[in-house]
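Enquirer: Have a look at the structure that comes next, please.
Numbering (this note's numbering), first residue to last: 1 to 72.
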């Protein structure tokens with residue numbers, strides 16, 4: 001089983017790319033720093049549920065749908 005930090009980061013990156021959004025744009029929409037988004041996407045940061053909710057809203061996806069992926 002994949003490390004949860006890596007899986008969450010890969011899912012964020014996957015959704016961001018599908019929506020054609022840059023890390024900088026997602027950071028702005030989510031009111032987070034671009035370097036934080038980068039660290040989460042690369043599995044280097046442990047994301048809080050609050051920040052995951054902000055990112056999910058920025059990606060226009062419900063949290064339940066965020067976790068509805070084969071990666072999990």
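Yeah, the Cβ is synthetic: ideal placement off N, Cα and C, and Gly gets one too.
1) Over the uninterrupted alpha helix (DSSP H) stretch that includes residue 65, give me the two end residues.
2) Which value, in whole angstroms, describes the spacing of the CA atoms of residue 21 and residue 63?
3) With distances taken from CA atoms, which of 67, 71, 55 and 66 is nearest residue 27?
4) Whose CA, out of 46, 37, 16 and 48, lies closest to the CA of residue 60?
5) Return helix, strand or coil for residue 70, following the three-state DSSP convention.
Expert: Let me lay it out:
1) 63-66
2) When only Cα atoms are considered, residue 21 and residue 63 end up about 18 Å apart.
3) Ranked by how close their Cα comes to the Cα of residue 27, the residues 67, 71, 55 and 66 have 55 in first place.
4) Comparing alpha carbon positions, the residue from 46, 37, 16 and 48 closest to residue 60 is 16.
5) coil
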